[in-house]
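Just so we're aligned, residue 1 is where the sequence shown starts under UniProt numbering, counting upward by one.
Ideal placement from N, C-alpha and C gives every residue a C-beta, glycine not left out.
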Amino acid sequence: MFPLWLLHGLGAAMGWLAFLASPIYRGRFRANAALAGYRFGEVRGAVAHAGRMVAELPRLWLGAPLPYRIEGGACVEAAYAQGRGILYLTPHLGCFEFSAQAAAQRWSAEHGPITVLYRPARQPWLAKVMETARNRPGMLAVPTNLSGVRQMIKALRRGEAVGLLPDQVPPHGQGQWSPFFGKDAYTMTLAVRLAHQTGAAVVLARCERLSWGRGYVVHFEPLPAAPLAQDADAALLQINQAMEHLIRQSPDQYLWGYGRYKEPRVEAAAPAGGAA
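This is how it looks when you write it as structure tokens:
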């Protein structure tokens, strides 16, 4: 398996190639960043980080544990001490795949596995690889269907943890329109439903890549202005604002090219909510 510094170097080149080759991607990147108040020069580092995200996946899924440190873990400890399940929320920021791995390595032995959602690939062989790779020690990957959601609810009620990407656009009928950086974005309602139904503590997670492949810093913090509002619309806005808060801490590692404001796709699948 290639070292992380090499994968990140190759990924940075891949990110810039993709950016230069696609006018649509460039336009969406610039437009999304501008909505948040950033000039391209302030977030140009995110172009390389998008490529690093892709290049590091095989290492994250199949390789040995990577170096990291945790900051802000006291809020996680406090939630477990209260006997509550934990709902980790992280946007498409930094190495969001590793956020759950780090939390699992730190707390799953004592408090049970972290359950995360994933969207199965269309190709059966790739779907099997993704399922196997994401079931790392202390982690349980469940598909984005009704069965997966039920497993997440059960895990939270047992006092375990689950992870979601609440800035992922859900299918039609599984979200609501809510402001995100000042523009309405179709936003999943699953996070709000899970928190309201189980009383889980909402914890924000942000995994920052260190330079030169030195590993990661995983930041945890409580939801600002906690607790989560009981009104569903207000709670949804509260979560979007929390994601903005995280993104503004590392804007050069956010996936500005992600189609956050796209129309939701129409599908017949049961309610789900994204992957983490």
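Reference residue i, options the options, closest by Cα
| i | options | result |
| --- | --- | --- |
| Ser178 | Thr90, Glu263 and Ala201 | Glu263 |
| His8 | Gly138, Val54 and Leu17 | Val54 |
| Arg52 | Leu87, Leu10 and Ala64 | Leu10 |
| Val162 | Arg265, Trp107 and Tyr38 | Trp107 |
| Leu93 | Ser250, Gly259 and Arg260 | Ser250 |
| Ala105 | Gln82, Arg84 and Ala64 | Note on residue identity: the sequence assigns Gln, not Ala, to residue 105. Ranking the options by Cα distance to Gln105, first place goes to Ala64. |
| Pro137 | Leu60, Tyr25, Trp256 and Ala50 | Leu60 |
| Gly259 | His49, Asp167, Ser147 and Asp252 | Asp167 |
| Gly182 | Ala33, Tyr80 and Ala13 | Ala33 |
| Gly175 | Tyr88, Glu56, Met1 and Asp233 | Asp233 |
| Tyr261 | Val202, Val169, Tyr80 and Gly199 | Val169 |
| Met243 | Ile24, Glu56, Ala185 and Leu57 | Ala185 |
| Gly37 | Phe180, Lys154, Arg193 and Ser22 | Phe180 |
| Leu57 | Tyr25, Met1 and Ala79 | Met1 |
| residue 302 | Glu77, Ser22 and Gln82 | With the chain covering 1 to 276 only, the question about residue 302 has no answer from this structure. |
Other residues of its chain near residue i: CB distance less than 6 Å, five sequence neighbours each side excluded
| i | result |
| --- | --- |
| Leu17 | none |
| Trp212 | Trp5 |
| Val47 | Gly15, Trp16 and Phe19 |
| Thr90 | Phe96, Ser99 and Ala205 |
| Tyr80 | His111 |
| Gln241 | none |
| Gln82 | none |
Test item: CB-CB of residue i and residue j under 8 Å
| i | j | result |
| --- | --- | --- |
| Leu164 | Leu117 | yes |
| Ile247 | Ala191 | no |
| Gly85 | Gly148 | no |
| Leu236 | Thr187 | yes |
| Leu140 | Ala200 | no |
| Val266 | Arg69 | no |
| His49 | Asp252 | yes |
| Thr189 | Ile153 | no |
Residues near residue i in its chain [Cβ-Cβ closer than 8 Å; skip 5 each side]
| i | result |
| --- | --- |
| Ala269 | Note on Ala269: pLDDT 44, under 50, position unreliable in the model; no value is reported. |
| Ala195 | Leu87, Val202, Leu228 and Ala235 |
| Arg44 | Asp252 |
| Pro3 | Gly213 |
| Leu35 | Phe181, Gly182 and Lys183 |
Cβ-based neighbour list, residue i, same chain, cut-off 7 Å, excluding 5 preceding and 5 following
| i | result |
| --- | --- |
| Gly72 | His219, Phe220 and Glu221 |
| Gln151 | Thr115 and Val142 |
| Arg28 | Gly257 and Gly259 |
| Arg30 | Phe40 |
| Tyr25 | Ala18, Phe19 and Gly257 |
| Ala12 | Ala48, Gly51 and Arg52 |
| Ala21 | none |
| His245 | Pro224 |
Cβ-Cβ separation, residue j to residue i (assumed contact under 8 Å), whole Å
| i | j | result |
| --- | --- | --- |
| Cys95 | Arg209 | 6 Å |
| Ala67 | Arg214 | Ala is not the amino acid found at residue 67; the sequence shown has Pro there. 7 Å between Cβ atoms; contact. |
Test: residue i CB closer than 8 Å to a CB of chain B
| i | result |
| --- | --- |
| Gln238 | Of the chains in the structure shown, none is chain B; there is only one protein chain. |
Cβ contact (3+ pairs, closer than 8 Å) linking the region 95-114 and the region 221-232: Of all C-beta pairs linking the region 95-114 to the region 221-232, fewer than three are shorter than 8 Å, placing the two stretches out of contact.
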